[in-house]
Amino acid sequence: MTNPAIKIDSLHKSFGDLHVLRGIDLEVHEGEVVCVIGPSGSGKSTLLRCVNRLEDPTSGTILIEGEDITDPDADVDAVRTRIGMVFQQFNLFPHLTVLRNLTIAQRKVLGRPESEARRIAEVNLERVGMIDKIDAYPAHLSGGQMQRAAIARALSMNPDMMLFDEPTSALDPELVGEVLDVMRALAGEGMTMMVVTHEMGFAREVADRIMFMDEGLVVEEGPPTQLLVDPRHERTRRFLSMIL
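Residue numbering for the sequence shown follows our numbering, starting at 5 and increasing by one per position.
Printed below as a string of structure tokens:
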């Protein structure tokens, strides 16, 4: 049996007196798409930020492909190159063109020569339907285009897995579909993905498993057909009745 892509054991995270994650246990296997749902403030985004060590866990362990990234000796920068992260707010450099946004980390972090970084950027812009915007600046893109460029930037680092933190929540409703289409295609290619989302239709269609979080705990998890249709917990039922 191969190692899970992500294995989390009794993960806790506190900010001062605020106990945000209260003992999360989770495995995500290679090629699996796990959608994380739950009310605001339930710890979903903090969980993702711990997985790529943007936040340091207070206690517990996180293994990425068998490597303990919570070990003080872990090379966190090296681990991060294997984990693509897409945020709510795109985080593109406004003073750089789309091409430069996609090549800068390839060159500085991975040491790729300019020509190779450009070739990989072009391949990934093609994948997300953005090759015609290669020389545009972020200010001239729609929100959906910026998010697709951000996904292409993450893919240009050749990650083993992708984390999406509410990637459509900052978008106008008519632009949501173009980003979800890119994510559907990635799932179809077998990319390992953890997705924090409020898009229940996407979760129903694409997720192998849905996790419902509340107050820093995984309340329940299961396949979409079970969790969205016949949740076991009253708390899950209440949440779904409000948003579905």
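Glycine included, each C-beta is placed from N, C-alpha and C at the ideal position.
Output the boundary residues of the beta strand (DSSP E) element that contains residue i.
i	result
Leu15	10 to 19
Leu96	It is not in any beta strand (DSSP E) - Leu96 carries neither H nor E in the DSSP assignment.
Ile41	37 to 41
Glu238	Not the beta strand (DSSP E): Glu238 falls in the alpha helix (DSSP H), residues 238 to 247.
Nearest by alpha-carbon distance to residue i: which of the options is it?
i	options	result
Asn56	Gly47, Ile66, Thr62	Ile66
Glu71	Arg236, Leu114, Glu36, Arg84	Arg84
Phe243	Pro43, Gly35, Asp29, Gly20	Pro43
Met195	Leu51, Thr6, Arg26, Ile87	Ile87
Ile73	Pro227, Gly220, Leu15	Leu15
Ser49	Lys112, Val200, Arg116	Val200
Gly35	Gly192, Gln149, Arg123, Leu114	Gly192
Val24	Asp136, Glu225, Leu51, Leu96	Leu51
If you draw a straight line from the C-alpha of residue i to the C-alpha of residue j, how long is it?
i	j	result
Ala78	Ala153	30 Å
Glu31	Leu106	30 Å
Gly45	His202	13 Å
Met89	Arg236	31 Å
Asp176	Gln151	12 Å
Glu118	Phe94	23 Å
Met217	Glu182	27 Å
Lys17	Leu58	12 Å
Gly220	Met246	20 Å
Asp29	Val37	17 Å
Asp21	Thr62	12 Å
Leu179	Met198	21 Å
Leu100	Leu248	40 Å
In terms of residues, what are the limits of the alpha helix (DSSP H) holding residue i?
i	result
Arg123	118 to 131
Leu114	No alpha helix (DSSP H) holds Leu114; DSSP gives it neither H nor E.
Leu30	Note, Leu30: premise wrong, no alpha helix (DSSP H); beta strand (DSSP E) at 22 to 32.
Leu231	228 to 231
(request) Taking only runs that begin and end inside the region 44 to 94, name each unbroken alpha helix (DSSP H) of 4 or more residues, in chain order. (result) 48 to 55, 80 to 85
(message) If contact is defined by three or more beta carbon pairs under 8 Å, each pair taking one atom from either stretch, is the region 153 to 163 in contact with the region 127 to 142?
(response) yes
(message) Could you tell me which whole alpha helix (DSSP H) segments of length 4 or greater appear in the region 148 to 220?
(response) 177 to 192, 204 to 210
(message) Would the region 182 to 190 count as touching the region 6 to 24 if we require 3 or more Cβ pairs under 8 Å?
(response) no
(message) Between the region 200 to 216 and the region 227 to 238, can you find at least three pairs of beta-carbon atoms closer than 8 Å?
(response) yes
(request) Evaluate the contact criterion for the region 168 to 182 versus the region 138 to 145: three or more CB pairs, one atom per stretch, below 8 Å. (result) no
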